[in-house]
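Engineer: One structure is given below, represented as structure tokens, and several questions about it will come after.
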Amino acid sequence: MKNRSGGIYPYLLVLPALLLILAVTLYPSIYSIYLSLTRIRGGVSEFVGLDNFNRILSSPSFYESLQVTLIFTFFYVLLTVTVAYGIALMLNSGLKLTGVYMTIIFLPWILSEITTGVVWRWMFYPKEGIIQNLIAPLFNNVALITRPAGALTIVIAATVWRSISFAMLLLLAGLQTIPHEINEAAEIDGADGLSLFRYITWPLMLPTTVVTAVFILIQGINGVGMILSITEGGPGRATEVLGIMMYRQAMQYFNFGFAAAISVILLIINLILAAFYLRALRRESVLAA
Amino acid sequence: MSQVKFLRWFVLVVLLSLLIAACQPQTVIQTVEVPKEVVKTVEVEKQVTKEVQVEVPAQPGNLRMWGFYDLTDTGDSRAVQMKQMIDAFQSTTGIKVEYEQVAWDQMATKVAVAAQAGGDLPDLIMVGAEYMQGLVNAGALLEISEPIKNSFFYADINPFEKQLNEKGGKRYGVGTFISGGQWYYDTEFFPNGMPSTEEGWLEACKTLAPQGKYVATFFAGRHPAAMAQGLAPLIWSLDSTLFTEKGEPNFATDAMVKALTFWRKLLADKCIPEISFTGDWSAAEGPFIEKTAGAVRGGTWSYIFIPGLQERYEGGTVKIGNPPALSGAKQGFVFMNADNWAITARAENVDNAVKFINFFFTPSILAPWASSNFGVPATVSALNNPMFADQFYKDSLDNLTRNGHPSETSPYYNESMDALSAKVQELMLNPNMDIMSEMTKLQNELINQYFK
Numbered sequence: 389m390k391n392r393s394g395g396i397y398p399y400l401l402v403l404p405a406l407l408l409i410l411a412v413t414l415y416p417s418i419y420s421i422y423l424s425l426t427r428i429r430g431g432v433s434e435f436v437g438l439d440n441f442n443r444i445l446s447s448p449s450f451y452e453s454l455q456v457t458l459i460f461t462f463f464y465v466l467l468t469v470t471v472a473y474g475i476a477l478m479l480n481s482g483l484k485l486t487g488v489y490m491t492i493i494f495l496p497w498i499l500s501e502i503t504t505g506v507v508w509r510w511m512f513y514p515k516e517g518i519i520q521n522l523i524a525p526l527f528n529n530v531a532l533i534t535r536p537a538g539a540l541t542i543v544i545a546a547t548v549w550r551s552i553s554f555a556m557l558l559l560l561a562g563l564q565t566i567p568h569e570i571n572e573a574a575e576i577d578g579a580d581g582l583s584l585f586r587y588i589t590w591p592l593m594l595p596t597t598v599v600t601a602v603f604i605l606i607q608g609i610n611g612v613g614m615i616l617s618i619t620e621g622g623p624g625r626a627t628e629v630l631g632i633m634m635y636r637q638a639m640q641y642f643n644f645g646f647a648a649a650i651s652v653i654l655l656i657i658n659l660i661l662a663a664f665y666l667r668a669l670r671r672e673s674v675l676a677a
Numbered sequence: 392m393s394q395v396k397f398l399r400w401f402v403l404v405v406l407l408s409l410l411i412a413a414c415q416p417q418t419v420i421q422t423v424e425v426p427k428e429v430v431k432t433v434e435v436e437k438q439v440t441k442e443v444q445v446e447v448p449a450q451p452g453n454l455r456m457w458g459f460y461d462l463t464d465t466g467d468s469r470a471v472q473m474k475q476m477i478d479a480f481q482s483t484t485g486i487k488v489e490y491e492q493v494a495w496d497q498m499a500t501k502v503a504v505a506a507q508a509g510g511d512l513p514d515l516i517m518v519g520a521e522y523m524q525g526l527v528n529a530g531a532l533l534e535i536s537e538p539i540k541n542s543f544f545y546a547d548i549n550p551f552e553k554q555l556n557e558k559g560g561k562r563y564g565v566g567t568f569i570s571g572g573q574w575y576y577d578t579e580f581f582p583n584g585m586p587s588t589e590e591g592w593l594e595a596c597k598t599l600a601p602q603g604k605y606v607a608t609f610f611a612g613r614h615p616a617a618m619a620q621g622l623a624p625l626i627w628s629l630d631s632t633l634f635t636e637k638g639e640p641n642f643a644t645d646a647m648v649k650a651l652t653f654w655r656k657l658l659a660d661k662c663i664p665e666i667s668f669t670g671d672w673s674a675a676e677g678p679f680i681e682k683t684a685g686a687v688r689g690g691t692w693s694y695i696f697i698p699g700l701q702e703r704y705e706g707g708t709v710k711i712g713n714p715p716a717l718s719g720a721k722q723g724f725v726f727m728n729a730d731n732w733a734i735t736a737r738a739e740n741v742d743n744a745v746k747f748i749n750f751f752f753t754p755s756i757l758a759p760w761a762s763s764n765f766g767v768p769a770t771v772s773a774l775n776n777p778m779f780a781d782q783f784y785k786d787s788l789d790n791l792t793r794n795g796h797p798s799e800t801s802p803y804y805n806e807s808m809d810a811l812s813a814k815v816q817e818l819m820l821n822p823n824m825d826i827m828s829e830m831t832k833l834q835n836e837l838i839n840q841y842f843k
């Protein structure tokens, strides 16, 4: 374990932090897996094996939540990456006051998820909501947040609004690694803006775009805070993503085994996505080198 | 080089020490038993020692308690009373009370999670009766049938409280006051009394709806309590129940179809505002406050939560009406509930917790407590206090006596009622969905998930 500069000392110095990280990540994960194999009845915890998973997989509510999660995540990723890409392109084109724009765009990211969710909820309050009042004539005075499609649209809009800045940052960093000379050479050869984007920017940005998209996808799958504070999963189950279903099972129904089983399913999904993310990241590093 | 080496080791030792210090177990407060008599050696004279028996009283110990109220909030009469009671209990018994505030809607979650995760639990908690079954199922509460049956106030407890808290001869909590649903109506809308039949409501709607007004407003959105307060009484009016005797959901019934069809009709004809299903508790009460709805479903607690209600009631422009009954029903009902004290399963000071409960149930203490919550005290002696001679209490007691129905229970009450509320909201917003088939699917899903 010796290295050239300091023997085992670097490892020993890192050890306390590593133990702490393992304690707050690995232990809860292992405990969740254990919990997913148990069930509490009448105050007694009993080992039930894969029974919780059987119940989840035979529960129509699980598939409804899964459907909502997939719809939400699809539009969340698509809109976040698309809008962030557009903003990154504009900021990369040499606008004045870029720093000011970036600060303004980054504000939603640094605000608390729950606070911004509550504000979005207020903006769409059926009678007093400022945005609801503005758009009410367009929707026959129906309160959008009280309708399944409307509520889902609002949570998508809110989460996209919050995540654009971070995605934009990743994409802007990628754009700034593209050498100017390539674009200049293409312009000399007569390429217009669209051609530049199609034949130079897009192909060179593809790895970065994939990395950004997978990162945002992981965020979308696990998204709970904003949705909880805007709609709490309602109306009905219209915005009840898997994360909220898990939260409800644990914190409202005290059905910890069932909730832990949902968390294990989410863990598996996240591990698959993380593998894609790391693979995309490796590919991007190779291309950059 | 040796200096660098020394510095490295020094930093390492400091970090490891901090880590070890952080991992030290928390100090646990324990009740220490001190023998009542000790033999003490006392030197009386220089060369003579005498053995003297000295009686040392047992240490009174502590009591850890979680309650709903912030004891520093002097603007909340319930918090002020709670603080006074705790101070009086401490000075009377010598027992040191450690009180922590936990919001009413977080109490059950915090207790259940602590019970499950082996975390820190107090001795005594305040908890709404609707959460009791879930907490019992989570193994969070201690059975207290014997200490309560042996208490001085057991014979004095009113039958409502026993219906709510004694199931199968077992008891896990004791109610301090009974609260229940109440329909308040505006006499300007209904000078001859609020309609209490399905037909009466629809008839009144024909006059009010064209004026842009509603017969009534009530919260029936996504919340278990919305179903307990609003839907359950309609089901009971047709001699049906929401749960079987085993506690399994009983949602796919003709009574359910009739009740939801009635609500759909009210919504479609604008007899009730849409916000009843899509808003929250406060929003749903708005139309009554703004005098665009003739009645509101509230409870004995509504003086606290509906602005202006107390003034209107005392001014005679608002009265308590009879609850609605579906067509063919004998009568309408209102639900009844209680705020309980319960002892947790890992309580370390059970005796002290029982002492506090007994202290709390002294009539001179229980009466003002119930009064500040606008509830009916759980014991007859406390109810005889002159503060309940007020017209509001007389009307409330009359309402609960005639129309009160204890909430149903089930080991999975909370999750079943929450799922029901989500389904009802869906059915109201999608009038083309078939009620019976949706309720059948929901019922089967819940039974498969929780009872098999």
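Just so you know, the protein sequences line up as chains A and B, in that order.
First residue of the first sequence: 389, per the working numbering; consecutive thereafter.
First residue of the second sequence: 392, per the working numbering; consecutive thereafter.
Backbone N, C-alpha and C fix where the C-beta goes; we use that ideal spot for every residue, glycine too.
None of the values given here were measured: they were computed from a predicted structure.
DSSP on Ile632 (chain A), reduced to helix/strand/coil?
Structural biologist: As a first step, residue 632 (chain A) is located in the first sequence; it is residue number 244 there, counting from the start. Helix, per DSSP.
Engineer: Kindly list the residues whose CB is nearer than 7 Å to the CB of Gln385 (chain B), restricted to its own chain and excluding five residues on each side of it in sequence; keep chain order.
Structural biologist: Residue 385 (chain B) lies beyond the range of chain B shown here (392 to 843); nothing can be said about it.
Engineer: Give me the Cα-Cα distance between Val543 (chain A) and Ala626 (chain A), rounded to the nearest whole angstrom.
Structural biologist: For the purposes of this step, residue 543 (chain A) is taken as residue 155 along the first sequence, with counting starting at 1. For the purposes of this step, residue 626 (chain A) is taken as residue 238 along the first sequence, with counting starting at 1. Val543 (chain A) and Ala626 (chain A): Cα-Cα distance of roughly 11 Å.
Engineer: So the candidates are B:Phe609, B:Asp660, B:Trp627; which of them puts its Cα closest to the Cα of Pro601 (chain B)?
Structural biologist: Your numbering for residue 601 (chain B) matches position 210 in the second sequence. It is B:Asp660.
Engineer: Quick one: which residues of the stretch 530-543 of chain B get their C-beta closer than 9 Å to a C-beta of chain A? List them in chain order.
Structural biologist: Residues passing the 9 Å Cβ filter: Gly530, Ala531, Leu532.
Engineer: Which same chain residues, not among the five before or five after Asn790 (chain B), have their C-beta less than 8 Å away from its C-beta?
Structural biologist: Locating residue 790 (chain B) in the second sequence gives position 399, counting from the first residue. Cβ neighbours of Asn790 (chain B) beyond the five flanking positions: Gly571, Gln573, Ile711, Val725.
Engineer: Which two residues bound the contiguous beta strand (DSSP E) that contains His796 (chain B)?
Structural biologist: In the second sequence, residue 796 (chain B) corresponds to position 405, counting from 1. His796 (chain B) -> beta strand (DSSP E) spans 795-797.
Engineer: Just reading off the alpha helix (DSSP H) that Arg443 (chain A) is part of, what are its end residues?
Structural biologist: For the purposes of this step, residue 443 (chain A) is taken as residue 55 along the first sequence, with counting starting at 1. Element bounds for Arg443 (chain A): 439-445.
Engineer: Please name the residue, chosen from B:Gly525, B:Ala675, B:Thr588, B:Gly559, that lies closest to Gly723 (chain B) on a Cα-to-Cα basis.
Structural biologist: Within the second sequence, numbered from 1, the residue matching residue 723 (chain B) stands at position 332. Residue B:Thr588 is the option with its Cα nearest to Gly723 (chain B).
Engineer: Taking Cβ-Cβ distances below 9 Å as the criterion, which residues of the stretch 621-645 of chain A are in contact with chain B?
Structural biologist: Answer set for the stretch 621-645 of chain A: Gly621, Gly622, Pro623, Gly624, Arg625, Ala626, Glu628, Arg636, Gln637, Ala638, Met639, Gln640, Tyr641, Phe642, Asn643, Phe644.
Engineer: So, is Glu806 (chain B) buried or exposed, given that buried needs 16 or more other C-beta atoms within 10 angstroms?
Structural biologist: The sequence position of residue 806 (chain B) within the second sequence is 415, counting from 1. By the neighbour-count rule (16 or more Cβ atoms within 10 Å), Glu806 (chain B) is buried.
Engineer: Excluding the 5 residues flanking Ala674 (chain B) on each side, which residues of the same chain have their C-beta closer than 7 Å to its C-beta?
Structural biologist: Locating residue 674 (chain B) in the second sequence gives position 283, counting from the first residue. Here the set comprises Ile666.
Engineer: Closest to Gly646 (chain A) by CA distance: which of A:Tyr415, A:His568, A:Leu423, A:Tyr419 is it?
Structural biologist: Counting from one through the first sequence, the residue named residue 646 (chain A) turns up at place 258. As written in the sequence, residue 646 (chain A) is Phe, which differs from the Gly given in the question. The residue with the shortest Cα to Cα distance from Phe646 (chain A) is A:Leu423.
Engineer: Would you mind reading off the limits of the beta strand (DSSP E) that contains Trp457 (chain B)?
Structural biologist: Taking the first residue of the second sequence as position 1, residue 457 (chain B) is located at position 66. Element bounds for Trp457 (chain B): 453-458.
Engineer: Could you check whether Asn731 (chain B) and Gly560 (chain B) sit closer than 7 Å to each other, using their CB atoms as the reference points?
Structural biologist: Numbered from 1 along the second sequence, position 169 holds the residue referred to as residue 560 (chain B). Numbered from 1 along the second sequence, position 340 holds the residue referred to as residue 731 (chain B). No, the pair does not count as a contact, with Cβ atoms beyond the cut-off.
Engineer: Could you say which of A:Gly562, A:Ala539, A:Leu557, A:Leu400 lies nearest to Gly624 (chain A) if we only look at CA atoms?
Structural biologist: Looking up residue 624 (chain A) in the first sequence gives position 236. For the residues A:Gly562, A:Ala539, A:Leu557, A:Leu400, the minimum Cα distance to Gly624 (chain A) belongs to A:Ala539.
Engineer: Let's see if you can read the secondary structure: which residues bound the alpha helix (DSSP H) around Asn728 (chain B)?
Structural biologist: The sequence position of residue 728 (chain B) within the second sequence is 337, counting from 1. Segment 725-734 is the beta strand (DSSP E) holding Asn728 (chain B); no alpha helix (DSSP H) there.
Engineer: Do Pro513 (chain B) and Met456 (chain B) count as a contact pair if the criterion is CB distance below 7 Å?
Structural biologist: In the second sequence, the residue the question calls residue 456 (chain B) occupies position 65. In the second sequence, the residue the question calls residue 513 (chain B) occupies position 122. In contact: Met456 (chain B) and Pro513 (chain B) (Cβ atoms closer than 7 Å).
Engineer: Suppose contacts are defined by Cβ-Cβ distances below 7 Å. Is Thr608 (chain B) in contact with Ala684 (chain B) by that definition?
Structural biologist: For the purposes of this step, residue 608 (chain B) is taken as residue 217 along the second sequence, with counting starting at 1. For the purposes of this step, residue 684 (chain B) is taken as residue 293 along the second sequence, with counting starting at 1. Contact: yes.
Engineer: Can you confirm whether the stretch 644-663 of chain A touches the stretch 404-420 of chain A when touching is taken to mean that 3 or more C-beta pairs between the two stretches lie within less than 8 Å?
Structural biologist: These segments touch.
Engineer: Around the Cβ of Phe460 (chain A), are there at least 16 other Cβ atoms within 10 angstroms (buried) or fewer (exposed)?
Structural biologist: Your numbering for residue 460 (chain A) matches position 72 in the first sequence. So Phe460 (chain A) ends up on the buried side.
Engineer: Suppose you measure from the CA of Lys553 (chain B) to the CA of Leu454 (chain B); what does that come to, to the nearest Å?
Structural biologist: The sequence position of residue 553 (chain B) within the second sequence is 162, counting from 1. The sequence position of residue 454 (chain B) within the second sequence is 63, counting from 1. Going from the Cα of Lys553 (chain B) to the Cα of Leu454 (chain B) covers about 26 Å.
Engineer: DSSP beta-bridge partners for Trp574 (chain B)?
Structural biologist: Within the second sequence, numbered from 1, the residue matching residue 574 (chain B) stands at position 183. BP columns for Trp574 (chain B) point to B:Arg688, B:Gly712.
Engineer: Just mark Met830 (chain B) as buried or exposed, buried being the case when its beta carbon has 16 or more other beta carbons within 10 Å.
Structural biologist: Counting from one through the second sequence, the residue named residue 830 (chain B) turns up at place 439. With 16 or more other Cβ atoms within 10 Å, it is buried.
Engineer: Given Ala545 (chain A), which residues of its chain have a CB within under 6 Å of its CB, disregarding the five upstream and five downstream residues?
Structural biologist: Taking the first residue of the first sequence as 1, we reach residue 545 (chain A) at position 157. Same-chain partners within the cutoff: there are none.
Engineer: For a cutoff of 7 Å on Cβ pairs, would you count Asn805 (chain B) as touching chain A?
Structural biologist: In the second sequence, the residue the question calls residue 805 (chain B) occupies position 414. Judged by the 7 Å Cβ criterion, Asn805 (chain B) is in contact with chain A.
Engineer: With H, G and I counted as helix, E and B as strand and the rest as coil, what does DSSP make of Lys746 (chain B)?
Structural biologist: Your numbering for residue 746 (chain B) matches position 355 in the second sequence. Helix at Lys746 (chain B).
Engineer: Pull up the DSSP beta-bridge partners for Thr608 (chain B), would you.
Structural biologist: In the second sequence, counting from the first residue as 1, residue 608 (chain B) sits at position 217. Answer is B:Val687.
Engineer: Roughly how many whole angstroms lie between the Cα atoms of Val598 (chain A) and Leu558 (chain A)?
Structural biologist: Within the first sequence, the letter at position 210 stands for residue 598 (chain A). Within the first sequence, the letter at position 170 stands for residue 558 (chain A). Approximately 11 Å between the Cα atoms of the pair.
Engineer: What first and last residue would you give for the beta strand (DSSP E) that runs through Phe460 (chain A)?
Structural biologist: In the first sequence, the residue the question calls residue 460 (chain A) occupies position 72. Premise fails: Phe460 (chain A) lies in the alpha helix (DSSP H), 448-479, not in any beta strand (DSSP E).
Engineer: Drop a sphere of 10 angstroms on the beta-carbon of Ala561 (chain A), count the other beta-carbons inside from all chains shown, and report buried for 16 or more, exposed for fewer.
Structural biologist: Position 173 of the first sequence holds residue 561 (chain A). Classification for Ala561 (chain A): exposed.
Engineer: Please work out which residues of its chain come closer than 6 Å, Cβ to Cβ, to Tyr841 (chain B), disregarding the five sequence neighbours upstream and downstream, and give them in chain order.
Structural biologist: Taking the second sequence and counting its residues from 1, one reaches residue 841 (chain B) at position 450. The answer, listed in chain order, is Tyr803.
Engineer: Are any of the Cβ atoms in chain B nearer than 7 Å to that of Ser447 (chain A)?
Structural biologist: Along the first sequence, one-based indexing puts residue 447 (chain A) at 59. It does; some Cβ of chain B falls within 7 Å.
Engineer: Tell me the rounded alpha-carbon separation between Ser447 (chain A) and Leu833 (chain B).
Structural biologist: In the first sequence, counting from the first residue as 1, residue 447 (chain A) sits at position 59. In the second sequence, counting from the first residue as 1, residue 833 (chain B) sits at position 442. Near 10 Å, if we compare the C-alpha coordinates of Leu833 (chain B) and Ser447 (chain A).
Engineer: Taking the beta strand (DSSP E) that Ser433 (chain A) belongs to, which residues open and close that run?
Structural biologist: Reading the first sequence from its first residue, position 45 is the one you call residue 433 (chain A). Start and end: 432-435.
Engineer: Specify the secondary structure class of Gly621 (chain B) as computed by DSSP and reduced to three states.
Structural biologist: Indexing the second sequence from 1 puts residue 621 (chain B) at position 230. Looking at Gly621 (chain B) - three-state DSSP - the assignment turns out to be helix.
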